[in-house]
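A.B. asks: I have a structure I would like to understand better, so I am pasting it below and will then ask my questions one at a time.
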Amino acid sequence: MVSELKMRLLKIPVLDNLIRLVDKIKIPGLEGLSLYDVVEMYVLGIIKGALSSRASAISFSFFMAIFPFLLFILNLIPFVPIQDFQADVFAFIDGILPPQTSDFFNGIIIDIMNNRRGGLLSVVFILSLFLTTNGVQAVFAGFENSYHVEVNRSFFKQYLVSFGVAIILATLLLTTVIGIVFFEFFINILFENRVIEDALFWVRIGKNAFYFIILILNVGTLYYFGCTGNLKPKFFSVGLFLTTILLVGTTYLFGIYVEDFSRYNELYGSIGALLILMVYIWLNANILLLGFELNATLRALKSRNINNSIASS
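If you're matching positions, the sequence shown starts at 1104 in the working numbering and goes up one per residue.
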């Protein structure tokens, strides 16, 4: 069955040969569907799914959640009996923050890390858990508002799943920090025993590997628990692969832009760091939805093709 959009594109002299060429490329695992079918449905989902509005809602919720969550983690650090754990956490946070934002948060982070506030810890824990759950719920709501998704959870079930996923994400983050600490300890042992020569090189490689792994696990967790029933993708999906590549590439290019071209701090002073962080979160929210839309598109196409095969038989 030829879509109305394809019929219109085939009437354009410049595009007709290109459309026919792309339509001949078949995608493995999709019952003979072509690359054109995937691209058409994908773009349709992005346009009709109000991608930018959904990304804005997600970025706002995560922006509200990120500071209480960081406060809880930082208040918890003085109670962890690991040598130089504070410095490692500080380096981890500094590594994931966008450029030109570290100086804005350094004073606050150092003050919290050097002073124990037991009463504040309990209050911030409840607040961070609530807001982080809301952030995850905003992501799932953005998934459910996809053009290709029709099945939604009830509010209470959605909130319960969001709470569980928030706990998983927080656990993954803490596990990553602890893993980096022990990895650096292991590298130092190898360096002292002259097994390796450049310890700094291997530490950087290890940190990047940990960042990459936690990125895949976090995004995969959101995609896996973001849908129900037959709509749930495999943990390692095509959308996860696309999102990982885009997040790594965008983070690198955004860092270059902020360092070399933007003038947020000169125009807005210290508040420029907040603007940079907000833009960075918004970009990541858009990329997260792009990967989900690709998974939803592939599922919708496969389901449609199976239904057409049943109807024609």
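Each residue gets a CB set at the ideal place from its N, CA and C atoms; glycine is no exception.
Bear in mind the structure is a predicted one, so any value in this text is a computation, not a measurement.
For Leu-1293, I'd like the list of residues in its chain whose CB is within less than 7 Å of its CB, leaving aside the five on either flank, ordered along the chain.
C.D. replies: The sequence position of residue 1293 within the sequence shown is 190, counting from 1. Taken in chain order, the residues that qualify are Ile-1299.
A.B. asks: Do the CB positions of Ile-1316 and Val-1242 come within less than 7 Å of each other?
C.D. replies: Within the sequence shown, numbered from 1, the residue matching residue 1316 stands at position 213. Within the sequence shown, numbered from 1, the residue matching residue 1242 stands at position 139. Result no, Cβ atoms of Ile-1316 and Val-1242 do not sit closer than 7 Å.
A.B. asks: Three or more C-beta pairs closer than 8 Å, one from the stretch 1280-1297 and one from the stretch 1322-1329: is that the case here?
C.D. replies: No, the stretch 1280-1297 does not touch the stretch 1322-1329.
A.B. asks: What does the Cβ neighbour count give for Ser-1155, buried or exposed, with the cut at 16 atoms within 10 Å?
C.D. replies: For the purposes of this step, residue 1155 is taken as the residue at position 52 of the sequence shown. By the neighbour-count rule (16 or more Cβ atoms within 10 Å), Ser-1155 is not buried but exposed.
A.B. asks: Within a Cβ cutoff of 7 Å, which residues of the same chain sit near Leu-1397, ignoring the five residues on either side of it in sequence?
C.D. replies: Counted from its first residue, the sequence shown places residue 1397 at position 294. Correct list, in chain order: Tyr-1145, Val-1341, Gly-1342, Leu-1345.
A.B. asks: Can you tell me the Cα-Cα spacing of Ala-1302 and Val-1284, whole angstroms?
C.D. replies: Position 199 of the sequence shown, counted from the start, is the residue given in the question as residue 1302. Position 181 of the sequence shown, counted from the start, is the residue given in the question as residue 1284. The straight-line gap from Cα to Cα measures roughly 14 Å.
A.B. asks: Just to confirm before moving on: does the CB-CB distance between Val-1268 and Val-1239 stay below 7 Å?
C.D. replies: In the sequence shown, the residue the question calls residue 1268 occupies position 165. In the sequence shown, the residue the question calls residue 1239 occupies position 136. Going by C-beta atoms, Val-1268 is nearer than 7 Å to Val-1239.
A.B. asks: With respect to the alpha helix (DSSP H) encompassing Phe-1338, which residues constitute its N-terminal and C-terminal limits?
C.D. replies: As a working note, residue 1338 is residue 235 in the sequence shown. Where Phe-1338 is concerned, there is no enclosing alpha helix (DSSP H), given that its DSSP letter is neither H nor E.
A.B. asks: Taking only three categories from DSSP, how would you classify Arg-1123?
C.D. replies: Taking the sequence shown and counting its residues from 1, the one referred to as residue 1123 is at position 20. Here Arg-1123 sits in helix by DSSP.
A.B. asks: Just to confirm my understanding: we take Met-1381, look at its own chain, exclude 5 residues before and 5 after, and list those with CB closer than 8 Å. What are they?
C.D. replies: Taking the first residue of the sequence shown as 1, we reach residue 1381 at position 278. Closer than 8 Å at Cβ, skipping near neighbours: Ser-1162, Phe-1166.
A.B. asks: My output table needs one value for Val-1298: the three-state DSSP class, helix, strand or coil.
C.D. replies: Numbered from 1 along the sequence shown, position 195 holds the residue referred to as residue 1298. Correct three-state label for Val-1298: coil.
A.B. asks: For a quick check, are the C-beta atoms of Ile-1379 and Val-1361 less than 7 Å apart?
C.D. replies: Here residue 1379 corresponds to residue number 276 of the sequence shown, with the count starting at 1. Here residue 1361 corresponds to residue number 258 of the sequence shown, with the count starting at 1. Cβ atoms of Ile-1379 and Val-1361: closer than 7 Å.
A.B. asks: With a 10 Å radius around its C-beta and 16 neighbouring C-beta atoms as the bar for buried, classify Ile-1384 as buried or exposed.
C.D. replies: Locating residue 1384 in the sequence shown gives position 281, where the first residue counts as 1. Answer is buried; the Cβ neighbour count reaches 16.
A.B. asks: Considering only C-alpha positions, which residue in the set Ser-1159, Phe-1170, Leu-1124, Arg-1256 is nearest to Ile-1229?
C.D. replies: The residue given as residue 1229 occupies position 126 in the sequence shown. Taking only the C-alpha atoms, the option nearest Ile-1229 is Phe-1170.
A.B. asks: Roughly how many angstroms lie between the CA atoms of Val-1142 and Thr-1400, to the nearest whole one?
C.D. replies: Here residue 1142 corresponds to residue number 39 of the sequence shown, with the count starting at 1. Here residue 1400 corresponds to residue number 297 of the sequence shown, with the count starting at 1. Approximately 9 Å between the Cα atoms of the pair.
A.B. asks: Quick test of your reading: Phe-1172 and Ser-1231, contact by CB under 8 Å. State the CB separation rounded to the nearest angstrom.
C.D. replies: Counted from its first residue, the sequence shown places residue 1172 at position 69. Counted from its first residue, the sequence shown places residue 1231 at position 128. Contact flag correct, Cβ pair sits at about 4 Å.
A.B. asks: In three-state DSSP terms, what is Thr-1331?
C.D. replies: Looking up residue 1331 in the sequence shown gives position 228. The answer is coil: DSSP assigns Thr-1331 none of H, G, I, E or B.
A.B. asks: Leaving out the 5 sequence neighbours to the left and right, which residues in its chain are closer than 6 Å to Gly-1329 when beta-carbon positions are compared?
C.D. replies: Residue numbering aside, residue 1329 sits at position 226 when the sequence shown is read from its first letter. For Gly-1329, where only same-chain residues beyond five positions count, the Cβ hits under 6 Å are Phe-1243, Phe-1246.
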